[in-house]
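There are 2 protein chains.
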Amino acid sequence: MAKLSLNMDEYLPLRDVVFHALRRAILTGELVPGERLMEIHLAQQLGVSRTPVREAIHKLELEGLVSMIPRKGAMVAEISEHGLRDVLEVRRALDAFCAELACERMNDREKERLKEAYEAFAKATETKDTTVIAKADVDFHDIIINSTGNERLISTINNLAEQIYRYRFEYLKDESIHKGLIAEHKMLMDAIFSKNIEEAKRAASTHIDNQEKSILSQIHFKD
Amino acid sequence: MAKLSLNMDEYLPLRDVVFHALRRAILTGELVPGERLMEIHLAQQLGVSRTPVREAIHKLELEGLVSMIPRKGAMVAEISEHGLRDVLEVRRALDAFCAELACERMNDREKERLKEAYEAFAKATETKDTTVIAKADVDFHDIIINSTGNERLISTINNLAEQIYRYRFEYLKDESIHKGLIAEHKMLMDAIFSKNIEEAKRAASTHIDNQEKSILSQIHFKD
DNA sequence: ATATAGTACATTGTATACAATACACAGCAT
DNA sequence: ATGCTGTGTATTGTATACAATGTACTATAT
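Top to bottom, those sequences are chains A and B.
Going by the working numbering, the first residue of the first sequence is number 814, and it counts up by one from there.
Going by the working numbering, the first residue of the second sequence is number 814, and it counts up by one from there.
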């Protein structure tokens, strides 16, 4: 017999609640790179004890958003220009691979949704709202990535994407590039639809190249 | 349950000591997939409190060697045949990419060391000692991976490699494949030396293909 | 015999207490 | 002034106490 599924409001361990709160704060720039993360302070601020805060910070460290020094503490991770290039180099390879797999594996339902997402992104650029644009862009790429059906590939790419989320947000603010992005999305999408693997890989690769150029021209690093 | 011991020689936070101890136990098969990891039990066995054990287990979860269910506990992660295929599919793509970068970036000193590692592996196969063979194989591939100079790529590949370490160990026991492995190493190495990118990518890819075939033919999964 | 409720126990989740360490700064000797 | 040393404080590292929850088992009713 079916239990009255009163939404036993998905129970989340406090450590996960804290983790998501801190993660969001870092990705949105509320906590800036280099800022120290002190357990007691955060715990009081969030109204919990040190334990879940500690566990959340450790989780963020493994994700690469926080760097720790033993017996010294944790701080929001800074990314160097070199680190950014490294991340994007791996992403370029994996995105191209995704594009290849998508050519072979994307089903009709996903193709339909990809087309919708493509149009939604084009429309989003008209709003001039960076948050909306960023979300539409993520949606578009997520459909391609998820169509590979490879969970490990999906989580690996998502981790890499997270590393540069803060910087990607900046470059999306530049309206002059939106037109180019839409064109690149179209190239990639059409290549996938026509199962043209080489073209799809090239389109995915170019997409990251341009991202890299834009980010590097806008952000200037300390080192 | 196996006996666990800590190596306290060098000073490391206890959580890291415990982490390494558990990690080693999992990778060597001392702790088998599906085995539950209970904090109190492990803490007593290792002579520490629950806190560092908890933190070590969480770290292992993020690495993918342990799977956790909230309020239920942790167990040594089992990998399904599907999961194994996923891991190897990503590795194939990244290893091929490494091979490409190695063609462009490997310096003379690294080439020398690669040649030495190649010969050391050939020699290691004569010992019939799987541990020695596995180490020589890792050494060979590490030189290639490290020659890319991309830290993010290196850590990503190492994480993937860790997922299948237990199974790779099994397939290395089969002496009949050693000759083939040596030949594959030579193909890859020569392609890198002659900067033949396409050939290097193909060799790296083939190497993973054969690994996959061997592992899947030897291990049989529950699901 | 089966199903249900209830209860005891094992285990994790969270909070707090205590220990160890790093850092800053003051005081002193040179 | 400079450098050393000691002391206090802030912060992390570890241990333990307490709360919440899931699981197995028992007793009971049907």
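Heads up, the beta-carbon is just placed ideally off N, CA and C, and yes, glycines get one too.
Of all residues in the region 965–976 of chain B, those with a C-beta nearer than 7 Å to a C-beta of chain A are R965, L966, T969, reading in chain order.
Restricting attention to A/N1023, A/D829, A/R849, the CA atom closest to the CA of A/H991 is found in A/N1023. Note on geometry: alpha-carbon atoms of A/V903 and B/L966 lie some 6 Å from one another.
Closest in alpha carbon position to A/E1025, among A/S1007, A/R836, A/R981, is A/R981.
For B/A887, the enclosing beta strand (DSSP E) stretches over residues 886–889. Note on B/V830: 16 or more other CB atoms within 10 angstroms of its CB, so buried under the neighbour-count rule. In this structure A/A915 touches A/T961 by the C-beta definition: roughly 6 Å separates them, less than 8 Å. For B/S1027, the number of other beta carbons within 10 angstroms of its own is at least 16, and it is reported as buried.
A/R836 and A/A856 have their C-alpha atoms roughly 15 Å apart.
Residue environment: A/G886 is assigned as exposed (fewer than 16 neighbouring CB atoms within 10 Å of its CB, all protein chains considered). In this structure, A/F832 lies near A/A869, with their beta-carbon atoms less than 8 Å apart. The continuous alpha helix (DSSP H) containing B/I1005 extends over residues 991–1006.
Note that the region 877–884 of chain A does not touch the region 1008–1015 of chain A; fewer than 3 beta-carbon pairs, one per stretch, sit closer than 8 Å. Nearest C-alpha to A/I892 among A/I970, A/R918, A/G847, A/L927: A/G847.
For A/V879, the enclosing beta strand (DSSP E) covers residues 879–882. In terms of Cβ geometry, A/K1008 and A/Y931 do not form a close pair [threshold 8 Å].
Sorting B/R867, B/T940, B/L901 by C-alpha distance to the C-alpha of B/H1020 places B/L901 at the top. Within chain A, D899, E902, V903 have C-beta atoms less than 8 Å from the C-beta of B/N963, given in sequence order. Distances from the alpha-carbon of A/L973 to those of A/R898, A/M1002, A/R863 put A/R898 closest. Proximity to B/Q1031 across B/R828, B/E894, B/L907 peaks at B/E894, based on C-alpha coordinates. For A/N959, same chain residues with a beta-carbon under 7 Å away, outside a window of 5 residues either side, are I967 in chain order. Counting along the chain, A/Y931 sits inside the alpha helix (DSSP H) bounded by residues 921–940. Rounded to the nearest angstrom, the gap between the Cα atoms of A/Q858 and A/A935 is 40 Å.
The Cβ of B/A890 sits no closer than 8 Å to any Cβ of chain A. Around the Cβ of A/K928, a 10 Å sphere holds fewer than 16 other Cβ atoms; the residue is exposed. The straight-line gap separating the alpha-carbon atoms of B/M881 and A/E843 is approximately 30 Å. Residue range 894–918 is occupied by the alpha helix (DSSP H) that includes B/D899. Using a 10 angstroms sphere on the CB of B/I853, the tally of other CB atoms stays under 16, which defines it as exposed. Taking every protein chain shown into account, the CB of A/V845 has fewer than 16 other CB atoms within 10 angstroms, so this residue is exposed.
A/F934 has a beta carbon lying at 8 Å or more from every beta carbon in chain B. From the beta-carbon of B/K872, the residues of chain A found nearer than 8 Å are H871, L875.
At least 8 Å separates the beta-carbon of B/A937 from that of B/L985. Beyond the five residues adjoining it in sequence on each side, A/R905 comes within less than 6 Å, by CB distance, of S1018, I1021 in the same chain, given in chain order. Counted as a single uninterrupted DSSP element, the alpha helix (DSSP H) harbouring B/L859 occupies residues 852–859.
Under DSSP, B/R849 forms a beta bridge with B/M888. Inclusion of B/I956 and B/C911 in the CB contact set at 8 Å is not warranted, their separation being larger than that value.
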